[in-house]
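Reviewing the structure listed below.
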Amino acid sequence: MKCTVFYDSWQMECCGTPFSVGDIVKWLVLKAEQLNTPVNVGAINYCYEAHSSDWQNIFVLEGKVETIKILYHSYAPSENNPRLLIPIGGKTIDAENAKGFDKKVDDMEASGYIVVLNEYAIRSAKKEEVTFK
0 MKCTVFYDSW QMECCGTPFS VGDIVKWLVL KAEQLNTPVN VGAINYCYEA HSSDWQNIFV
60 LEGKVETIKI LYHSYAPSEN NPRLLIPIGG KTIDAENAKG FDKKVDDMEA SGYIVVLNEY
120 AIRSAKKEEV TFK
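For the sequence shown, the residue numbers in numbering that gives the first Met the number 0 are 0 to 132.
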């Protein structure tokens, strides 16, 4: 049984714990919504979330990291709001680990990690497990 998690680069760079293919991880996650990307990344089941205090909607996900892809984006100003940058192109690159602060590739910035977990278990989080205030 497998699931796919999107892990934002900024979350890793803020206070994330680096991980590698083969590691057993335990993450707080939310059910995934539509990922804002022009890149075909397949179905995303969950999004890593360490900066929410909404414990009733957070799950605890444990599993073994099977694959990691770094998602890179190029950006342009939005037509509706030129101060807002939106992703207009991108690609994924296979990786053995995720540690944040990834270098640019083809002048594109890393926006996150597409992580496939196998042998996973998921359950609702308990209030005391969600420590962000």
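Virtual Cβ for every residue (Gly too), placed ideally from N, Cα, C.
Mind checking which residues open and close the alpha helix (DSSP H) that includes residue i?
i	result
Trp9	Ser8 to Cys14
Which residues bound the beta strand (DSSP E) around residue i?
i	result
Pro76	Phe58 to Pro76
Thr91	Leu84 to Ala94
Leu29	Ile23 to Lys30
Just confirm the distance between the C-beta atoms of residue i and residue j, as a whole number of angstroms; I'd bet it's less than 8 angstroms.
i	j	result
Thr3	Ile113	6 angstroms
Glu28	Arg122	It is worth fixing the name first, because residue 28 is Val in this sequence and not Glu. Between Arg122 and Val28 the Cβ distance is about 11 angstroms, and since that is not below 8 angstroms, they are no contact.
Glu61	Ala124	Not quite, the Cβ-Cβ distance comes to about 12 angstroms (not below 8 angstroms), so this is no contact.
Can you check which of these residues, the options, is closest to residue i by C-alpha distance?
i	options	result
Ser19	Val64, Val40, Thr130 and Asn80	Val64
Lys90	Trp26, Asn39 and Tyr47	Asn39
Asp106	Leu27, Gly88 and Phe58	Gly88
Asp93	Asp7, Tyr71 and Ala75	Tyr71
Ala97	Lys1, Trp9 and Ala49	Trp9
Glu32	Ser110, Val104, Thr130 and Asn44	Asn44
Phe131	Asp7, Ala49 and Lys25	Ala49
Glu95	Val115, Lys25 and Pro76	Val115
Going by DSSP, name the residue or residues bridged to residue i.
i	result
Ser123	Phe58
Glu108	His72
Ala97	Phe18
Could you tell me whether the Cβ of residue i comes closer than 9 angstroms to any Cβ of chain D?
i	result
Gln55	Annotation note: the requested chain D is absent from the structure, which comprises a single protein chain.
Given this structure, state the Cα-to-Cα distance separating residue i from residue j, to the nearest angstrom.
i	j	result
Lys5	Asn80	First, the residue type needs correcting, since residue 5 is Phe and not Lys in the sequence shown. Rounded to the nearest angstrom, the two C-alpha atoms are 26 angstroms apart.
Ala42	Lys30	12 angstroms
Tyr74	Leu83	10 angstroms
Glu12	Gly99	5 angstroms
Cys14	Asn117	24 angstroms
Lys1	Asn56	21 angstroms
Pro86	Lys68	17 angstroms
Asn35	Trp54	24 angstroms
Lys103	Gly111	12 angstroms
Asp101	Ser51	24 angstroms
Glu127	Glu78	43 angstroms
Asp7	Tyr47	7 angstroms
Thr66	Glu108	20 angstroms
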